[in-house]
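If you're matching them up, the sequences are chains E and P in order. For the first sequence, the numbering used here gives the first residue as 1049, with consecutive numbering after it. For the second sequence, the numbering used here gives the first residue as 3, with consecutive numbering after it. C-beta: ideal position from N, C-alpha, C; glycine also. The structure appears right after this line, and notes come after that.
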Amino acid sequence: MISFTIILYNLVGVIIGFIMGSMPGLTVTMTMTLIVSLTFGFGMETALAFIVGAFAGGIAGGSLSAIALNIPGTAASVATTFDGHPLKNRGEAATALGVALFASTIGGLMSIVFLAIIGPIIGDLALSFGSQEYLFLTLWGLSLIAFLSKGDFIKGIISACLGLFVGTIGMDPITGAMRLTFGSDMLMGGVHFVVAMIGLFGMKEVLVNLDRKADFSVSKDNFKFSKLLPKFNDIYKSTLKPILWCGPIGSIIGLIPGTGGDIGSLVGYGFTKQIMKNPSRPFGEGAYEGVAAPEMANHSAMGGAYTTMLTLGIPGDSVTAVILGSFYLHGLQPGPTFMITERKYFYLIIALLGIGTIFTYLVGLLGSNAMLRVLSIPRWVLLPFIAILCVIGSYALQNNLNHVYMMIGFGVLGYLFDKAKFPVSPIILGIILGPIVERSFRQALINTGSVSSLLMSFVTRPITLIIIILIVGSFIFQSSIFGTVLEEK
Amino acid sequence: MSYIIKFKRYLISTILVISLLLVAFTPGTVNAEYPERSINVFIGFSAGGPTDVIGRGVVPLLEEELDVGMGITNMPGAASATAGRHVLNQKADGYSLFFGSEAMSVWQTMGINEELNPYEDFYPVKLVAEATPVLAVPPNSEFDSAEEFVDYAIENPGELRIGTAGPGTVPHVSGLILEKQLGAEFTFVPYQGGAPAVTAVMGSQVDATIEMVQSMVEAHKANKLKILATFTNEPLKGLESIPTFGDQFPELQSYLPYGPYFGLFASKDLPQDVKDKLESAMNKVIATQRWDEYCEKFYLTQIDYSGEEAVDYLRGWTSRAAWVLYDTGAAKNSPAEFNIPKP
């Protein structure tokens, strides 16, 4: 199944992902939506290789601009700037990048092991996941809006409610009645979340950048190849420690629907800060551990997100939402029966993730210098190109021109939200998870027959009970450790 | 001043990229006898669904007969009405075709698209196949036959939950037929398409699921669910051991076999010579051995209707589905509004 062609596609995916991921403003989500639209004509296996590679490369690319420009290339690299940029100012940019690449590779490989072990276990359990389980799993994801809203909780809630509202447009999942369509054909199919994503992340960025006067200030640093290579010195030894907790934390956060590398890296950073009493330097002033921890955590989240996506068919985060859509498009059916009917693709994906992670490391070592040159591409080349990719991506999704209009509408909305300092990620979370919450709740209600027996079933179904306990636990956890991270920002 | 220069740069770069893409993707067009250039077939559901799978079986065979390139475009939305509408909006020259299925028959009654009727607005080039829904229960279910299942539902109205692919779909209507004709009462749990409904029955989340036989048969053979009966009068080829509803309940026979149809449609304004050309090519397609094998693989019943015959078939199918939906209160509109006769 693994042929030379597939590995080549994987490599090209890594390189393109790395380039796009490192461009400020081109988030991994955005990168993936554009990449997926490139694969419409591919065969399934080559498309898988390409998409999986681009995902791995995209997250790593984000760290490059986080360290070199202090602009996180992706939301998942936000925490990397906390210590990565101070390191750069001390003249240790190359070491910081070397550590980041090394840590992310270790984190990535850990998460693949996690996926390989946990995936089949959850796959076996997946058939016992009924409506109640889906309901609480997705509610759990929604509850993490608090985190995505980055401090301003009210604005986060408002964004999320907007997303939930948009998610109700279209056909009622239970009765088939049309809701909020105003008789328009355009709204009958509902709002496809990928369209909203392309608008809110891609088109918005174009508009925001047009509005901005200054070009990106590109650092004139040169990364010596020898300095990027890992060495068996104290720096690398000290950075290995956080893997003990960052790996599991990242993977578990990745498992929760709707959350991924962005939250994983912040939690990983916060946790490391609490736990490590003697870092190489104080956190925030250039601690190597402060670069390694978020990188490990956000790559570990990848495995968790893949697990949820493949075994339950729920997107683990906004990026896997795009990937999930592309899998359906190419004829793969992630979901509870995936491990039964398409197990060989499960292992293919694991293999591709492994190869892609190694490629990412190599591309990062060899290509970081060249990437810094790419970052100096003037905006008048970059922005029209992104805008056109947004149009193609949204049209190609279902060959529907209405999606292009919607995408532009979401772009304008995203721009206004950006001006008003409202977060846009909760909108996406609402659009993706809202319909699953609604459908699962109503299915559960029909299934149990009455409200009282529905409430009873929350306690009597073991998996539901476990998830409820986890939700309560995560709230308690958030209030102490998460709080300290937010104060930092 | 520098702003104007910058704006110009943006503009020039935009125009360059767009024109490059246009050059890359514009096909050459020549006027001559049909078919001269490639034909696009639109499918109103996502890749991997039953309509898509069957369409992708037919189109390559038709491509060989017509000897031009044929592309398949999935344009999901509004139970395939989006794609149907799109094809009707194109020039009626036979270069945009629609591979449709039974969802067309409930567009009007379910209020999905009140203006489009499968036999009045489309020209059915050829109806090629029917699929068969079956009733299946979890592997550990107490029910071993459709009779036991139905009897229990008559004695305990509303207690048995049946998973379906969604409101107004064939599995839903099939269940409604059981209610209407046998006096049973079920609770229907709509899932987002057929696959989750099958998963639900395998995991005992519901008491039974009605879905197409081809998506259940592998699980049946692996003992992950039990198929109790098919919605036919005659046993299915290759699955003779599975009883039929028609056999067990004679009062259902007039409604059976009940299952979705699949076929190639075009705009009704198509020129006669194009209609003839397409129909004769489709005649050859369904006579091929490869089509036979394809149908056998997916447990499809072959049908062969075109022209007036196809219109009669569609009219009958539409009226049965529409009135069952209406009589059981599941429909949004009365079929009478659209001059759909009672069966």
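Rounded to whole angstroms, what's the CA-CA distance from residue i to residue j? Just pull it up for me.
i, j, result
"W325 of chain P", "K344 of chain P", "7 Å"
"I1516 of chain E", "G1215 of chain E", "24 Å"
"R1260 of chain E", "E1333 of chain E", "29 Å"
"G1351 of chain E", "T1186 of chain E", "18 Å"
"T1143 of chain E", "G1459 of chain E", "38 Å"
"I1514 of chain E", "Q194 of chain P", "25 Å"
"S1159 of chain E", "T1153 of chain E", "10 Å"
"A1151 of chain E", "T1356 of chain E", "24 Å"
"G1139 of chain E", "P78 of chain P", "54 Å"
"E122 of chain P", "F264 of chain P", "17 Å"
"D278 of chain P", "Y315 of chain P", "20 Å"
"E72 of chain P", "A83 of chain P", "Correcting the residue identity first, residue 72 of chain P is Met in this sequence and not Glu. Taking the straight line joining both Cα atoms gives about 21 Å."
"G1091 of chain E", "F44 of chain P", "19 Å"
"Q1381 of chain E", "F1375 of chain E", "7 Å"
"G30 of chain P", "V70 of chain P", "Bear in mind that a pLDDT of 44 at G30 of chain P, under 50, signals an unreliable position, so the number given afterwards is only what the model happens to contain. Going by the C-alpha atoms only, they are around 14 Å apart."
"A1225 of chain E", "L1430 of chain E", "43 Å"
"P1168 of chain E", "M1387 of chain E", "7 Å"
"F267 of chain P", "T1223 of chain E", "28 Å"
"L1445 of chain E", "F1066 of chain E", "23 Å"
"I1398 of chain E", "V1256 of chain E", "37 Å"
I'd like to know if residue i contacts chain E, where contact means its C-beta is closer than 8 Å to some C-beta of that chain.
i, result
"K182 of chain P", "no"
"Y296 of chain P", "no"
"P29 of chain P", "Residue placement at P29 of chain P is poorly supported in this model, since its pLDDT is 47, which falls under 50; the coordinates are not used for a value here."
"T189 of chain P", "yes"
"M218 of chain P", "no"
"S15 of chain P", "yes"
"V32 of chain P", "Interpretation of V32 of chain P is limited by its pLDDT of 42, a score under 50 that renders its predicted location unreliable; no figure is taken from the coordinates."
"M204 of chain P", "yes"
"R322 of chain P", "no"
"G71 of chain P", "no"
"R163 of chain P", "yes"
If you follow the beta strand (DSSP E) that residue i is in, where does it begin and where does it stop?
i, result
"M72 of chain P", "M72 to N76"
"T189 of chain P", "T189 to P192"
"E132 of chain P", "F124 to E132"
"L137 of chain P", "P135 to V139"
"S269 of chain P", "Y263 to S269"
Could you have a look at residue i and say whether DSSP puts it in helix, strand or coil?
i, result
"A210 of chain P", "strand"
"Q274 of chain P", "helix"
"P29 of chain P", "Here P29 of chain P scores only 47 on pLDDT, less than 50, and its place in the model should not be relied on; the value that follows carries that caveat. P29 of chain P falls in the coil class under three-state DSSP."
"I229 of chain P", "strand"
"N42 of chain P", "strand"
"P2 of chain P", "For chain P, the structure presents residues 3 to 345; residue 2 of chain P sits outside this window and is missing."
"K93 of chain P", "coil"
"L1192 of chain E", "coil"
"G1069 of chain E", "helix"
"Q291 of chain P", "helix"
"D69 of chain P", "coil"
"G1351 of chain E", "helix"
"S424 of chain P", "Absent from the model: residue 424 of chain P. The displayed extent of chain P is 3 to 345, so no value can be given."
"M1324 of chain E", "coil"
"G165 of chain P", "strand"
"R1227 of chain E", "strand"
"L1518 of chain E", "helix"
"T111 of chain P", "coil"
Hey, could you find the ends of the alpha helix (DSSP H) residue i is sitting in?
i, result
"D1172 of chain E", "A1141 to L1173"
"G1482 of chain E", "S1473 to T1496"
"T303 of chain P", "Looking at the DSSP string, T303 of chain P is not in any alpha helix (DSSP H); the run it does join, the beta strand (DSSP E), is T303 to Y307."
"H1240 of chain E", "No alpha helix (DSSP H) contains H1240 of chain E, which DSSP labels as neither H nor E."
At least one CB of chain P closer than 8 Å to the CB of residue i: is that the case?
i, result
"D1131 of chain E", "no"
"P1432 of chain E", "yes"
"P1221 of chain E", "yes"
"Q1381 of chain E", "yes"
"S1542 of chain E", "The structure shown does not extend to residue 1542 of chain E, since chain E spans only 1049 to 1537, so no value can be given for it."
"I1505 of chain E", "Just to set this straight, residue 1505 of chain E is Ser in the shown sequence, not Ile. No, S1505 of chain E lies away from the interface with chain P (no Cβ there is under 8 Å from its Cβ)."
"P1330 of chain E", "no"
State the CB to CB distance for the pair residue i and residue j, rounded to an integer number of angstroms; the pair is presumed to be in contact (CB under 8 Å).
i, j, result
"V136 of chain P", "G165 of chain P", "Incorrect: roughly 13 Å between the Cβ atoms, too far for contact."
"G1106 of chain E", "K1252 of chain E", "With a Cβ gap of about 18 Å, G1106 of chain E and K1252 of chain E do not count as contacting."
"I20 of chain P", "I1436 of chain E", "7 Å"
"V1254 of chain E", "I1456 of chain E", "V1254 of chain E to I1456 of chain E, Cβ: 10 Å. No contact."
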